[in-house]
Ligand SMILES: [Ca+2]
């Protein structure tokens, strides 16, 4: 933001109070969970012992980087023992995967993060366990064993488990049992929404419910994490029992509050807003899947005309259900193609996407590596590739558990090189994070859409009792003009600008792919 702002000498009105802006930058007004949370896939983040797999000690060595970036929370993808690289099939809910370290290491991580004012949110995969979990191994032995009822079973004669015929696109037919899986020497089949290796847990069993509460309290109380990201939250009861799902999470939240009244819970309910909404009573923060897609679409089409009204519509709907809800916004997470790939490598568009995310309302989540423009398209492993910290010969913490296909030394400039380059994507991210963290209006303010005719401009007001900001994004490559109609003629001060901008005759001329924020 210290970049010189070129203002043409014939501009009639433009005031830029650089001193005030710098003072503002230093003061952080956001308070987590309304600040920025950074999602880490531990496996790909930082390796401390040279085995090529990311680990907890590696992450500790990068906490200063995250603090400097301006994040106030970290969401860690699953870290429990598990046979897969992604670890969404948990073998033991009370331990840490040995590749990642020990419980003691993790307690130390939490302590180190807290010392830097960074909260820690753990991924909780409670819809299903892994099939290597001791509970499931026990359950397979005998129907009389306690753990049998931790899972969802149906007799082989039950109509719901009978195979159905499905026809593929090429016309071939095959018989499948959707989501029901057989067990050797048993008359019973088990239910697994996400596939054979992830048997669903039976939330109709009170003993299982108590076990799940015990798991949550263990991580909150004994380990000290600040909250959970709930995986597959809408599937713990079958989809047709949505009300049971809503109620369960309300109960879960109440119970977690008994050990940490400030517990933070964010849920994955990957569905349109009308299905997501009713979960808000039990899960106070929910990921806004719709907005991430809308932002990417807007920057790709260079058309911001419906983005703000759409955001406002979703926000109003959620607020009706829970006025204190936290809108967990994001561009991508570990389940979406990376932004830079979605905008076909156009870094100007990636920049506009993050500018939109960080100036619209919400509690934004950033996915690791997006800040250096990592590339990646599905399958999943390729959107979870190792982050590049330094040029290869110097990069002692880079992980190498997978050979990257997209984010390589020839496609990506590593973190440290970008930190040193004033105009890098990483420093652009930092400037917008700083801008947001220092602004009451951008962090907490309400959103007021502005009706204006130019679809290349995305224009809105962010307002709270302390300040009112007129935010103007030009999503196109060419200069665009925003007319300061009578309502906005008081907005004559430049609060933030990242390329050339002029205000002249009540018109703001916004350079291509840039952002101008004005205040009174
Ligand atoms: Ca390691």
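Numbering (the working numbering), first residue to last: -1 to 518. Don't be surprised by glycine CBs; every beta carbon is placed ideally from N, CA and C. Please read all numbers here as calculations on a predicted model, not as lab measurements.
In the DSSP assignment, what are the bridge partners of residue i?
{"i": "residue 501", "result": "506"}
{"i": "residue 178", "result": "189"}
{"i": "residue 446", "result": "459"}
{"i": "residue 289", "result": "According to DSSP, which records beta bridges pairwise, residue 289 is partnered with nothing at all."}
{"i": "residue 495", "result": "514"}
{"i": "residue 122", "result": "228"}
{"i": "residue 399", "result": "Answer by DSSP bridge pairing: none, since residue 399 is not bridged."}
{"i": "residue 328", "result": "363"}
{"i": "residue 198", "result": "126"}
For residue i, is the classification buried or exposed, using 16 other Cβ atoms within 10 angstroms of its Cβ as the cut-off for buried?
{"i": "residue 313", "result": "buried"}
{"i": "residue 377", "result": "exposed"}
{"i": "residue 241", "result": "exposed"}
{"i": "residue 193", "result": "exposed"}
{"i": "residue 422", "result": "buried"}
{"i": "residue 169", "result": "exposed"}
{"i": "residue 396", "result": "buried"}
{"i": "residue 295", "result": "exposed"}
{"i": "residue 401", "result": "exposed"}
{"i": "residue 174", "result": "exposed"}
{"i": "residue 114", "result": "exposed"}
{"i": "residue 412", "result": "buried"}
{"i": "residue 488", "result": "exposed"}
{"i": "residue 514", "result": "buried"}
{"i": "residue 167", "result": "exposed"}
{"i": "residue 347", "result": "buried"}
{"i": "residue 509", "result": "buried"}
{"i": "residue 161", "result": "exposed"}
{"i": "residue 164", "result": "exposed"}
Taking the straight line between their C-alpha atoms, what separation do you get for residue i and residue j?
{"i": "residue 65", "j": "residue 142", "result": "51 angstroms"}
{"i": "residue 307", "j": "residue 134", "result": "48 angstroms"}
{"i": "residue 471", "j": "residue 30", "result": "26 angstroms"}
{"i": "residue 277", "j": "residue 502", "result": "48 angstroms"}
{"i": "residue 57", "j": "residue 202", "result": "38 angstroms"}
{"i": "residue 287", "j": "residue 274", "result": "10 angstroms"}
{"i": "residue 496", "j": "residue 426", "result": "9 angstroms"}
{"i": "residue 243", "j": "residue 200", "result": "12 angstroms"}
{"i": "residue 171", "j": "residue 157", "result": "20 angstroms"}
{"i": "residue 227", "j": "residue 43", "result": "19 angstroms"}
{"i": "residue 405", "j": "residue 338", "result": "10 angstroms"}
{"i": "residue 188", "j": "residue 374", "result": "35 angstroms"}
{"i": "residue 315", "j": "residue 323", "result": "11 angstroms"}
{"i": "residue 355", "j": "residue 52", "result": "28 angstroms"}
{"i": "residue 331", "j": "residue 290", "result": "10 angstroms"}
{"i": "residue 248", "j": "residue 212", "result": "16 angstroms"}
{"i": "residue 39", "j": "residue 85", "result": "10 angstroms"}
{"i": "residue 418", "j": "residue 364", "result": "21 angstroms"}
{"i": "residue 88", "j": "residue 466", "result": "47 angstroms"}
{"i": "residue 119", "j": "residue 260", "result": "12 angstroms"}
{"i": "residue 129", "j": "residue 195", "result": "5 angstroms"}
{"i": "residue 210", "j": "residue 459", "result": "43 angstroms"}
{"i": "residue 505", "j": "residue 486", "result": "10 angstroms"}
Listed by chain order, which residues have C-beta atoms less than 5 angstroms from any heavy atom of ligand 1?
Here the residues come out as 45, 47, 49, 51, 53.
- [ ] Starting from the N-terminal side, write out each stretch of the alpha helix (DSSP H) that is 4 residues or longer and does not extend beyond the stretch 237 to 272.
- [x] 240 to 255
- Item | Whole beta strand (DSSP E) elements within the stretch 46 to 109, 3-residue minimum | 71 to 74
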